[in-house]
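Heads up: the structure comes next, in structure tokens.
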Amino acid sequence: MPRQFLCPVFGSSLWLALILQSLISSAATYRRPVSGGKRQSFLERTLILLDVNTRSPVKVLNDNFLSLQLDPSIVKDGWLDFLSSKRLVTLARGLSPAYLRFGGKRTDFLQFHNLKNLAKFRGPGPDYYLKNYEDDIVRSDFALDKQKGCKLASHPDMMLELQREKAAQMQQVLLKEQLSNIYSDVTLTARSLDKLYNFADCAGLHLIFGLNALHRNPDNSWNASSALSLLKYSAGKKYNISWELGNEPNSYRTMAARSVNSSRLAQDYSVLKTLLQSVRFYSRANLYGPNIGRPRKNAILLLDGFMKNGGSVVDAVTWQHYYIDRRVTKVEDFMKTRLLDTLSEQITKVLKIVQTHAPEKRVWLGGVGPAWAGGTNNLSDTFAAGFLWLNTLGIAAAHGIDVVLRHSFFDYGYNHLVDQHFNPLPDYWLSLLFKRLVGPRVLAVQVAGLQRKPRPGRVIRDKLRIYAHCTSFHNHDYVRGSITIYIINLHRSRKKIKLAGTLRNKTVHQYLLQPFGTDGLHSMSVQLNGEPLRMVDNETFPELKPRTLRAGRTIAMPPVSIGFYVIKNINAYACRR
1 MPRQFLCPVF
11 GSSLWLALIL
21 QSLISSAATY
31 RRPVSGGKRQ
41 SFLERTLILL
51 DVNTRSPVKV
61 LNDNFLSLQL
71 DPSIVKDGWL
81 DFLSSKRLVT
91 LARGLSPAYL
101 RFGGKRTDFL
111 QFHNLKNLAK
121 FRGPGPDYYL
131 KNYEDDIVRS
141 DFALDKQKGC
151 KLASHPDMML
161 ELQREKAAQM
171 QQVLLKEQLS
181 NIYSDVTLTA
191 RSLDKLYNFA
201 DCAGLHLIFG
211 LNALHRNPDN
221 SWNASSALSL
231 LKYSAGKKYN
241 ISWELGNEPN
251 SYRTMAARSV
261 NSSRLAQDYS
271 VLKTLLQSVR
281 FYSRANLYGP
291 NIGRPRKNAI
301 LLLDGFMKNG
311 GSVVDAVTWQ
321 HYYIDRRVTK
331 VEDFMKTRLL
341 DTLSEQITKV
351 LKIVQTHAPE
361 KRVWLGGVGP
371 AWAGGTNNLS
381 DTFAAGFLWL
391 NTLGIAAAHG
401 IDVVLRHSFF
411 DYGYNHLVDQ
421 HFNPLPDYWL
431 SLLFKRLVGP
441 RVLAVQVAGL
451 QRKPRPGRVI
461 RDKLRIYAHC
471 TSFHNHDYVR
481 GSITIYIINL
491 HRSRKKIKLA
501 GTLRNKTVHQ
511 YLLQPFGTDG
521 LHSMSVQLNG
531 EPLRMVDNET
541 FPELKPRTLR
551 AGRTIAMPPV
561 SIGFYVIKNI
571 NAYACRR
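Residue numbers (the working numbering): 1 to 577.
Structure representation (structure tokens):
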């Protein structure tokens, strides 16, 4: 019998017949090896037979399935002033269409002031920042104000170097706050909001803004005064924004020595919904929440109570998941199959609650990253982290999670997609390929093993993860009806995959990602089919050229690698319309 792998599998007599046909044809060509020969026979090798159900999708996701997040710490460490960079906007545009969530731990310490930028609202820094750096920012702002449409800038190298020094100092402050759970307020001025929206709009991203839920009245009800000021300002600018309220409300007791129970949280969301309806421009704006943390006991109880007490006011139910904490010290920790499977368990818990109270509601993974507290240097920003990231996308898609928001696109710790030199990290290139090749229609994968044992071993099953979607309709290199398969090989050896059934004897385009350089899995550079990936200039991506595999050829996945495989001209019924 075929062994079921990860994605949903539909048993069918056709599939069994195809497997038997493959076995018979293989056996017909089998020859017993000459005594003493070193070469193994075809049947003795580890081989995976792969087919995909092309009749209908098992799930249909949001077109913005892979989306992004920016942490409010970007205001405090000064990087928000550089979101107008041509290179940053180009990199963000490469991942559109997508949502951009402005939120994180500091959402509930964010204070809006309808003022232009003033030095006293900036973070601390050496004297030269206040004298030269601050003047440079002001001059840059004036230059941007004169532009029409998208406001883009090319910042001098010296200015960027000063900013990196300032950010490095502030990084230590931010990390200390997070580890101690004692946070200072973050001031967002009108000018800062303009820059944030300009970035999202120029990059083709839809902004989701997280409002401060810890601004409370004496009776513990939500104080909406600051939020109303922000809504009126944004409406006056005609900023197309969706909204959230708070971040991880289950952790408020440890963060701010106060708690918000589920019924109060549901009331707060109702108040915000009414507030949005009172501002004409946002009367139909979307509202997302409650954005609980990892679904452990307290978070699950809060979500259940929220949905029971009127939480259906939200347009999608959001929650967060982080795989590991700062105790992770080696690359192997990112490749543990038990760790990769924790996401599936958490999704099941959340879906059960939502389907009980509001089965029609979509569920979003509203903030996900490979590691907690900003990540781990030289680990969560390397090629190794890509296994967790692609596994997240594959499992979330298979369960029907509508949107996955990656924390963070830029800045803050070591979980980001782009570093502080504006260079794409391995997870960025992985995300770019996913966006270009993978569409929102999820297909069932059917896998069987052909080896000495009658079934594929558990290790082979767990360490070779295979997912399939219809190819993105936005990619004009492929006609509708094409299929994209993406595979994670966690084995330390090469694995062979034979396309069977409907996929048999089809031309395949291979996009194979491997670490580039001598650092191996610690590398912060990536090669595609043997060619290193680098931006050509600030506005030009490298050509993502596939390698063509002739019809009928076996796919050979190198050790610890990631591959995308487009099955061309298959005319899959599920992917034609």
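For every residue, glycine included, the Cβ atom is placed at its ideal position computed from N, Cα and C.
Just so we're clear, the structure is a prediction, and the values are computed from it rather than from any experiment.
For residue i, which three-state DSSP category applies?
| i | result |
| --- | --- |
| Ile-182 | coil |
| Ala-399 | According to the sequence as given, residue 399 is His; it is not Ala. His-399 falls in the helix class under three-state DSSP. |
| Pro-249 | helix |
| Gly-94 | coil |
| Cys-470 | strand |
| Glu-595 | Nothing about residue 595 can be reported from this structure: the residues present for the chain run from 1 to 577 only. |
| Leu-544 | coil |
| Val-52 | strand |
| Arg-577 | coil |
| Ala-167 | helix |
| Thr-382 | coil |
| Leu-368 | In the sequence under discussion, the amino acid at residue 368 is Val, which differs from the Leu named in the question. DSSP places Val-368 in strand when its eight states are reduced to three. |
| Arg-504 | coil |
| Ile-562 | strand |
| Tyr-323 | strand |
| Met-557 | strand |
| Glu-531 | strand |
| Leu-47 | strand |
| Phe-82 | helix |
| Gly-149 | coil |
| Thr-99 | In the sequence on display, residue 99 carries Tyr and not Thr. DSSP places Tyr-99 in strand when its eight states are reduced to three. |
Let's see if you can read the secondary structure: which residues bound the alpha helix (DSSP H) around residue i?
| i | result |
| --- | --- |
| Tyr-197 | 190–203 |
| Leu-340 | 337–357 |
| Ile-570 | Ile-570 -> no alpha helix (DSSP H), and no H or E assigned at all. |
| Val-526 | Per DSSP, Val-526 belongs to no alpha helix (DSSP H); it is in the beta strand (DSSP E), 526–528. |
| Val-75 | 73–76 |
| Asn-298 | 297–308 |
| Gly-236 | 225–236 |
If distances are taken between C-alpha atoms only, which option among the options comes closest to residue i?
| i | options | result |
| --- | --- | --- |
| Phe-516 | Gln-510, Ile-208, Asn-505 and Leu-528 | Leu-528 |
| Val-173 | Ile-74, Arg-577, Leu-437 and Phe-410 | Ile-74 |
| Met-335 | Pro-559, Tyr-99 and Asp-108 | Pro-559 |
| Ile-570 | Cys-470, Ile-300 and Glu-539 | Cys-470 |
| Lys-330 | His-522, Ala-200, Asp-77 and Asp-268 | His-522 |
| Asp-136 | Leu-100, Leu-162 and Asp-519 | Leu-162 |
| Thr-318 | Leu-272, Leu-365, Asn-217 and Thr-356 | Leu-365 |
| Leu-152 | Leu-88, Arg-191 and Gly-210 | Leu-88 |
| Thr-392 | Gly-369, Asp-411 and Asp-333 | Gly-369 |
| Leu-214 | Ala-384, Arg-258 and Pro-426 | Arg-258 |
| Ser-482 | Val-442, Gly-520 and Ile-488 | Val-442 |
| Met-307 | Gln-267, Arg-547, Lys-498 and Leu-49 | Gln-267 |
| Val-566 | Lys-238, Thr-518, Arg-480 and Ala-299 | Arg-480 |
| Ala-256 | Thr-107, Leu-175, Arg-338 and Lys-238 | Thr-107 |
| Val-60 | Ala-500, Arg-547, Ser-234 and Ala-468 | Ala-468 |
| Lys-238 | Val-418, Asn-212, Leu-207 and Pro-249 | Leu-207 |
| Leu-432 | Tyr-511, His-399, His-321 and Arg-164 | Tyr-511 |
| Ala-285 | Asp-333, Lys-297, Tyr-322 and Ser-234 | Ser-234 |
| Asp-71 | Arg-101, Asp-81, Leu-95 and Ser-56 | Arg-101 |
| Ser-312 | Val-354, Gly-78, Asn-298 and Pro-295 | Val-354 |
| Asn-165 | His-421, Thr-254, Lys-176 and Phe-65 | The sequence given here has Glu at residue 165, not Asn. Cα-wise, what sits closest to Glu-165 is His-421. |
| Glu-539 | Asp-81, Ile-48, Ser-85 and Thr-54 | Ser-85 |
| Lys-76 | Val-279, Lys-506, Leu-175 and Asp-141 | Leu-175 |
Drop a sphere of 10 angstroms on the beta-carbon of residue i, count the other beta-carbons inside from all chains shown, and report buried for 16 or more, exposed for fewer.
| i | result |
| --- | --- |
| Met-557 | buried |
| Leu-110 | buried |
| Met-158 | exposed |
| Asn-114 | exposed |
| Arg-436 | buried |
| Tyr-578 | Outside the displayed span of the chain (1 to 577) sits residue 578, for which this structure offers no information. |
| Val-583 | The structure shown does not extend to residue 583, since the chain spans only 1 to 577, so no value can be given for it. |
| Leu-67 | Residue 67 is actually Ser in this sequence, not Leu. It is buried - the Cβ of Ser-67 has at least 16 other Cβ atoms within 10 Å. |
| Ala-143 | exposed |
| Asn-250 | buried |
| Asp-402 | buried |
Starting from residue i, follow the beta strand (DSSP E) in both directions and report where the run begins and ends.
| i | result |
| --- | --- |
| Trp-429 | Careful: Trp-429 lies outside any beta strand (DSSP E), inside the alpha helix (DSSP H) at 426–437. |
| Arg-111 | Here residue 111 is Gln; the residue named in the question, Arg, does not match the sequence. Residues 110–113. |
| Ser-270 | Unbroken run through Ser-270 is the alpha helix (DSSP H), 262–278; no beta strand (DSSP E). |
| Lys-495 | 495–499 |
| Ser-67 | 66–70 |
| Gly-289 | 287–292 |
| Ala-489 | Residue 489 is actually Asn in this sequence, not Ala. First-last of the beta strand (DSSP E) with Asn-489: 483–489. |
Would you call the segment 167–184 and the segment 224–231 touching, i.e. three or more CB-CB distances under 8 Å? no
So, does the segment 244–251 touch the segment 263–281, judging by three or more C-beta pairs under 8 Å? yes
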